[in-house]
Amino acid sequence: MQTLEQTLEETLEQTLEETLEQTMEQTLQETLEQTLEQTLERTREETLEQTLQGTLLVFTDTLTISLSLSLTDTGVDIDADTGADIGGDSGADIGGDSGADIGGDSGADIGTDTVGDIGADNAGDIGADAGGDIGANTKASTLEEL
Numbered sequence: 039m040q041t042l043e044q045t046l047e048e049t050l051e052q053t054l055e056e057t058l059e060q061t062m063e064q065t066l067q068e069t070l071e072q073t074l075e076q077t078l079e080r081t082r083e084e085t086l087e088q089t090l091q092g093t094l095l096v097f098t099d100t101l102t103i104s105l106s107l108s109l110t111d112t113g114v115d116i117d118a119d120t121g122a123d124i125g126g127d128s129g130a131d132i133g134g135d136s137g138a139d140i141g142g143d144s145g146a147d148i149g150t151d152t153v154g155d156i157g158a159d160n161a162g163d164i165g166a167d168a169g170g171d172i173g174a175n176t177k178a179s180t181l182e183e184l
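Take the sequence shown: its letters are residues 39 to 184, numbered as in this note's numbering.
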């Protein structure tokens, strides 16, 4: 028969062993959960940061390309004569120059007539200077003035 002392000793030993196992399992479980949560959080932050950086790079590249395209010379000048006048002399004036060229003179020369009129006014201007010449009228107004 076991003595009271042996029974107490065995019970205490068993209780301590079970308590130690439970404590170790619980501690291990909590440590694993915390480590996993921290790792996931860090991974999320790094992934988000990399995604945002990639998006920013793509946006920056797109903006750079867009700006490059918009700043490139497209062949349509606003400070030079392109041959297409808005509201200006298009070449055959009857009675006068209709007005305003943007950025330049596309048919009315200053100081000389380069429309190709030699000895006659081919532009059909009768009685008025439709070329808008500054300084002198280089086109003949009438046939008698020739």
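Ideal placement from N, C-alpha and C gives every residue a C-beta, glycine not left out.
A direct Cα-Cα distance of roughly 36 angstroms separates residue 53 from residue 77. The alpha-carbon separation between residue 56 and residue 73 amounts to approximately 26 angstroms.
For the pair residue 62 and residue 71, the Cα-to-Cα distance works out to about 14 angstroms.
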